[in-house]
Structure formats: structure tokens, C-alpha cells
Amino acid sequence: MGDHFQTIADIDATAEEAEALGARVVAWLVAEGIVRAERTYEMLGRPVYSPGPRWDDVTEWPVRGGCDGLAVITSRTVFWGSLGSDGSPVCPHCSTPGTTAPWPEAVDAWHRTGASELRCPACDRRVPLAEWTWEEDRFAFAHLGFEIWNAARLRPEFVAEFGRVLGHRIRTLAGKL
Ligand SMILES: [Zn+2]
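Quick note on my numbering: the sequence shown kicks off at 10 and runs consecutively.
And the structure:
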């Protein structure tokens with residue numbers, strides 16, 4: 010079966026503010042009864058927040074046990090969705106798929122430094138890598154992300170609420186190990 014995950018990444022959070030913003034989201038989730046305040050378990054070596062009494066309200070259908078936990082990642086991370094491993098970058102300005110843009114180099118540079126740009130071959134703009142979208146939600150480049158393990162599909166309203174609590178743009182990914 011394997012483990013599957015849904016990721017919500019904040020593409021605007023800086024490295025400096027990631028910790029505080031992550032704590033803000035956890036405080037909101039705990040106050041709403043969606044997760045518990047204690048982190049008792051781990052997924053892949055990361056402590057996770059267990060589902061709270063109202064967890065089932067945020068998913069499309071109930072699952073026994075709710076989920077295996079929510080992890081908060083507050084470091085520079087190339088988040089990936091394993092369902093879209095062939096997806097190409099799509100320019101956020103002209104929406105032309107950027108298959109000829111030299112994106113592997115840009116991804117390497119972002120991984121090393123936390124910032125890089127990719128030039129769109131169609132409209133010739135240089136666009137920060139994190140702002141590109143990806144076919145099949147292949148990647149998100151962020152300093153803050155939330156991974157939810159082995160849960161039913163999250164309701165879109167719940168995902169949108171993350172963006173409101175953060176005050177930032179978010180990207181969502183899903184995948185399976
Ligand atoms: Zn473009």
C-alpha cells in the first residue's frame with residue numbers, strides 16, 4: 010500500500026518567518042480541534058501532530074483514525090508530488106508550458122541558495138522559480154510546508170483557509186512513497 014501524502018506549501022514565506030508562520034497555523038489547527046497540540050508520533054523521522062476531534066470535518070470523507078499526522082517543515086525544501094513526475098513548468102505570465110526552459114539548473118540553484126529565476130522561452134520574462142506552476146503539480150519551492158499523511162482528500166475550503174491564515178500564496182501537491 011505505501012504511505013501517501015498531501016502537501017500544502019507556502020511559496021511566499023521567507024526562511025526567517027517560516028518558523029513563526031508554522032506555529033501560527035498549528036495554533037489555529039489546535040484551537041479548531043483539527044489536530045492535537047502534542048506530537049507523539051513521527052513520519053519519516055519528523056514529529057507529526059495527530060488528528061484532533063474535528064479532523065473528519067476537513068476531509069472529503071471519514072477514514073478510521075483520521076490520518077497519520079501533520080508535519081510542519083520550516084526549512085528550504087523542494088517539495089514534490091510523485092503523481093506528476095513528468096510535469097513541465099508553466100509560465101505564470103503567459104501560461105505557455107516551459108518545456109524548453111532550462112529548469113533542472115534553476116532547481117539546483119534554488120536547492121543550493123533558496124532563490125533562482127527561470128527565463129520563459131515564450132514571453133522572455135525572467136520569473137522566480139517558486140512562482141512557476143507545474144503540470145501535474147510536480148514541484149513547489151518553499152521554506153514552509155505542511156505534510157498530511159495517509160488522510161482522505163482534504164476539502165478545498167480547508168486548504169484555502171491555510172492561505173488565509175498565512176496571508177500568502179500556497180501550492181498543493183500529493184504523492185505516494
Ligand atoms: Zn511566459
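Glycine included, each C-beta is placed from N, C-alpha and C at the ideal position.
Could you tell me the alpha carbon to alpha carbon distance between residue i and residue j, rounded to whole angstroms?
i    : j    : result
P130 : A27  : 32 Å
A169 : R162 : 14 Å
S91  : A40  : 32 Å
R55  : T109 : 36 Å
A29  : E166 : 23 Å
Quickly, what does DSSP pair residue i with across the bridge? List them, please.
i    : result
L79  : Y58, I157
D19  : L153, I179
P137 : E126
W4   : The chain is shown only over 10 to 186; residue 4 falls outside these bounds and no answer can be derived.
Evaluate residue i with the Cβ neighbour count: other Cβ atoms within 10 Å of its Cβ, from every protein chain shown; 16 or more gives buried, anything less gives exposed.
i    : result
E156 : buried
Y58  : buried
D117 : exposed
R135 : exposed
D12  : exposed
Got a sec? Which residues, its chain only, sit under 6 Å from residue i by beta carbon, not counting five neighbours each side?
i    : result
S103 : According to the sequence shown, residue 103 is Cys rather than Ser. Contacts found: A131, C132.
L38  : V44
G96  : W143, E144, E145, R147
P71  : D65
Who are the near neighbours of residue i in its chain, counting only those whose CB is closer than 7 Å to its CB and skipping five residues on each side?
i   : result
V99 : P106, G107, W141, T142, W143, E144
W89 : R147, F148, L182, G184
Enumerate in chain order the residues of its own chain whose CB-to-CB distance from residue i is below 8 Å, with the five nearest sequence positions on each side excluded.
i   : result
G74 : P60
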